[in-house]
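Chemist: First residue of the sequence shown? That's 18 in this note's numbering, and the numbers climb one at a time after it.
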Amino acid sequence: MKILAIESSCDETAVAIIGDKAGQPVVLSNVVSSQIAIHQKYGGVVPEVAAREHVLNIIPVINEALKLAGISLPTVKNEFPLLTKKKRGRFDIDAIAVTTGPGLITSLIVGVETAKALAYAWQLPLIPVNHIEGHIYSAFLKKQNNFQFSISNFQKNPKNQSQIEKIKFPAIVLTVSGGHNLLVLMKKHLNYKTIGETRDDAAGEAFDKGAKLLGLSYPGGPAIAAAASQIGNLGNASRQIKFPRPMIHDNNFDFSFSGLKTSLLYTLPKDKQWAKRIPEYAYEYQKAIVDVLVTKTIKAAKFHQAKTIILAGGVAANLSLRQILNEAITKNLPDTNFALPELRYTTDNAAMIGSAGYFKFKAGKTVPLSKVKADPNWEL
Ligand code: KG4
Ligand code: ZN
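Next up, the structure:
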């Protein structure tokens, strides 16, 4: 089985081909055309600019993904190569998966309409995928041979390595990016119950806004993580800088991060030397975010007796979060497995959309072309 997956919900134009290996989705190709450099000068994604870039990128990215997966298109003189398939019989793709929401409407439309055009031309079934569902399913992609755990702790501890391969239900998923911040209970495949969410900013948004206040680059998560790692190497952070842990002890699984950003906003002007202490501020700010995310996830996993904890979303690229959550699970829930995606599948990509598409296709969840629409507010 092969699935062509398209993701264009924000500022990455991404296409992947997903195959099947022993009943698990495996990445055959994964192409991401990032617009980060374009949006960096504005300090965030400009929707109109993103949509125009998607239009320019989508066809070359599809062609590249097909080529890397070794799938050649029939070419007919004077015809647009991508649309000649119907005449030439089947080639090696069984279905098309596409992110239909949530996201920026102008960005989503490019991927959705392209997917519909290809599904029509190639007479293939179409599978709409929720972007958040895609992030969750990044953890279900079969690990490749060249997979490297990026945390030394995992390399030293083979028990964790084998745990990662096993996702048993019920699972508690912490999925966190710039646009969403959810705790999800999964009792089985493709079954989601949101048990906690942010009441204001998502953690990724907190990273991005915090970075802006500290004069660091966009996207803020990697910039804050890089600055904070300078302190990590020194082994000790500032005792004077303290940030709140909003809602950490509340009796629910919700989050709130806007107060943290406000706290940074008011703290910096009081410190005339702050520009010289950016790593300390970054370290403490990151620690506050990670503390809240880890504490709430452990609490939710205990409450729902989770057999697996899954970490996903762009913020799952944060090494400190990966490591501290791993330690907390080992300490508090030694019988609970920990599953997390390879680093390259944490931020937006189409492999994760193809992974969700793979399970949806197997479950018969295809949707007639005429019913497939971009929905910028689609809730999981
Ligand atoms: O999933 P994603 O690529 O896009 C959305 O769906 O929003 O996530 C992007 C978010 C941004 O907020 C970015 O700052 C954050 O993920 N991020 C990180 C790291 N890498 C990306 N946050 C913390 N640490 C990182 N290493
Ligand atoms: Zn995302």
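Ideal Cβ placement from N, Cα and C applies to all residues, glycine included.
Remember, it's a predicted structure, so these values are computed and weren't measured experimentally.
For K38, report the span of its beta strand (DSSP E) as first-last.
Modeler: Taking the first residue of the sequence shown as 1, we reach residue 38 at position 21. Its beta strand (DSSP E) spans residues 29-38.
Chemist: From this set, E24, K388, Q41, which residue's C-alpha is nearest H206's C-alpha?
Modeler: Position 189 of the sequence shown, counted from the start, is the residue given in the question as residue 206. Of the listed residues, the one whose Cα sits closest to H206 is Q41.
Chemist: By the 10 Å Cβ neighbour count, where 16 or more other Cβ atoms means buried, how is Q322 classified, buried or exposed?
Modeler: Along the sequence shown, one-based indexing puts residue 322 at 305. Counting Cβ neighbours within 10 Å, Q322 comes out exposed, since fewer than 16 surround it.
Chemist: Nearest-angstrom Cα distance between E81 and V32?
Modeler: As a position in the sequence shown, residue 81 is number 64, starting the count at 1. As a position in the sequence shown, residue 32 is number 15, starting the count at 1. One C-alpha to the other measures close to 9 Å.
Chemist: Is it buried or exposed for N198, if we count other Cβ within 10 angstroms and need 16 for buried?
Modeler: In the sequence shown, counting from the first residue as 1, residue 198 sits at position 181. With 16 or more other Cβ atoms within 10 Å, it is buried.
Chemist: Residues bridged to N354 by DSSP?
Modeler: Walking along the sequence shown from the start, residue 354 turns up at place 337. N354 is bridged to T325.
Chemist: Specify the secondary structure class of M203 as computed by DSSP and reduced to three states.
Modeler: By one-based count along the sequence shown, residue 203 stands at place 186. It is a strand residue.
Chemist: At a threshold of 7 Å, does N47 count as lining the ligand KG4 (C-beta to nearest heavy atom)?
Modeler: For the purposes of this step, residue 47 is taken as the residue at position 30 of the sequence shown. It does not: the Cβ of N47 is nowhere closer than 7 Å to a heavy atom of the ligand KG4.
Chemist: Within 10 angstroms of the Cβ of P236, are there 16 or more other Cβ atoms? Answer buried if so, exposed if not.
Modeler: Taking the first residue of the sequence shown as 1, we reach residue 236 at position 219. P236 comes out buried.
Chemist: How should K388 be labelled, buried or exposed, when 16 other C-beta atoms within 10 angstroms of its C-beta is the threshold for buried?
Modeler: Taking the sequence shown and counting its residues from 1, one reaches residue 388 at position 371. It counts as exposed.
Chemist: Would M427 be called buried (16 or more neighbouring beta carbons within 10 Å of its own) or exposed?
Modeler: Only positions 18 to 397 of the chain appear in this structure, which leaves residue 427 out of reach.
Chemist: Quick one: which unbroken beta strand (DSSP E) runs of 3-plus residues sit fully inside the region 349-394? Chain order, please.
Modeler: For the region 349-394, whole beta strand (DSSP E) runs of length 3 or above, ordered along the chain, are 354-356.
Chemist: What does the alpha-carbon distance come out to for the pair D28 and V72?
Modeler: Here residue 28 refers to the residue found at position 11 when the sequence shown is read from its first residue. Here residue 72 refers to the residue found at position 55 when the sequence shown is read from its first residue. In a straight line, the C-alpha of D28 is about 12 Å away from that of V72.
Chemist: Is the separation between the beta-carbon of I149 and that of A356 shorter than 8 Å?
Modeler: Position 132 of the sequence shown holds residue 149. Position 339 of the sequence shown holds residue 356. No, Cβ-Cβ distance for I149 and A356 is not below 8 Å.
Chemist: Ends of the beta strand (DSSP E) at P77?
Modeler: Locating residue 77 in the sequence shown gives position 60, counting from the first residue. P77 -> not in any beta strand (DSSP E); alpha helix (DSSP H) instead, spanning 64-85.
Chemist: Since G227 is in the alpha helix (DSSP H), which residue starts that stretch and which ends it?
Modeler: Here residue 227 is taken as the residue at index 210 of the sequence shown, counted from 1. 220-230 is the extent of the alpha helix (DSSP H) around G227.
Chemist: Check whether the Cβ atoms of E65 and D365 sit closer than 8 Å, and answer yes or no.
Modeler: For this step, residue 65 is matched to residue 48 along the sequence shown. For this step, residue 365 is matched to residue 348 along the sequence shown. For E65 and D365, no; Cβs fall outside 8 Å.
Chemist: For T353, count neighbouring C-beta atoms within 10 Å of its own C-beta (all shown protein chains included) and say buried if the count is 16 or more, exposed if not.
Modeler: Start at 1 with the first residue of the sequence shown, and residue 353 comes out as number 336. Flag for T353 reads buried.
Chemist: Is P42 helix, strand or coil by DSSP?
Modeler: For the purposes of this step, residue 42 is taken as residue 25 along the sequence shown, with counting starting at 1. P42: strand per DSSP, three-state reduction.
Chemist: Using alpha carbons as the reference points, say which of A240, D267, P119 lies closest to K229.
Modeler: Taking the sequence shown and counting its residues from 1, the one referred to as residue 229 is at position 212. Nearest of A240, D267, P119 to K229, Cα basis: A240.
Chemist: In angstroms, rounded to a whole number, what distance separates the CA positions of L121 and D392?
Modeler: Against the sequence shown, residue 121 aligns to sequence position 104. Against the sequence shown, residue 392 aligns to sequence position 375. Straight-line Cα distance between these residues: approximately 9 Å.
Chemist: Between which two residues does the beta strand (DSSP E) containing T215 stretch?
Modeler: On the sequence shown, residue 215 is found 198 positions in, with the first residue counted as 1. Here T215 belongs to no beta strand (DSSP E), and DSSP marks it neither H nor E.
Chemist: What are the boundary residues of the alpha helix (DSSP H) that includes E301?
Modeler: As a position in the sequence shown, residue 301 is number 284, starting the count at 1. First-last of the alpha helix (DSSP H) with E301: 295-320.
Chemist: For the ligand GDP, is there any heavy atom lying closer than 7 Å to the beta carbon of S194?
Modeler: With respect to small molecules bound, the structure shown includes the ligand KG4 and the ligand ZN and not the ligand GDP.
Chemist: Are the region 212-224 and the region 268-282 touching by the rule of at least three beta carbon pairs closer than 8 Å?
Modeler: Yes, the region 212-224 touches the region 268-282.
Chemist: Among Y375, P385, L85, whose alpha-carbon lies nearest the alpha-carbon of K38?
Modeler: As a position in the sequence shown, residue 38 is number 21, starting the count at 1. Minimum Cα distance to K38 is reached at Y375.
Chemist: Could you compute how far the alpha carbon of I113 sits from the alpha carbon of W139?
Modeler: Mapped onto the sequence shown, residue 113 falls at position 96. Mapped onto the sequence shown, residue 139 falls at position 122. Distance between the alpha carbons of I113 and W139 is about 10 Å.
Chemist: Do V332 and G238 come within 8 Å of each other at the CB atom, strictly closer than that value?
Modeler: Position 221 of the sequence shown, counted from the first residue, corresponds to residue 238. Position 315 of the sequence shown, counted from the first residue, corresponds to residue 332. Closer than 8 Å, so yes.
Chemist: Just mark A292 as buried or exposed, buried being the case when its beta carbon has 16 or more other beta carbons within 10 Å.
Modeler: For the purposes of this step, residue 292 is taken as the residue at position 275 of the sequence shown. It counts as exposed.
Chemist: Verify the contact flag: G330, CB atom, against every heavy atom of the ligand KG4, threshold strictly below 7 Å.
Modeler: Your numbering for residue 330 matches position 313 in the sequence shown. True, at least one ligand heavy atom lies under 7 Å from that Cβ.
Chemist: For L336, which option in T325, K84, I306, K316 has the closest C-alpha, if you only look at C-alpha atoms?
Modeler: By 1-based counting over the sequence shown, the position of residue 336 is 319. Ranking T325, K84, I306, K316 by Cα distance to L336 puts I306 first.
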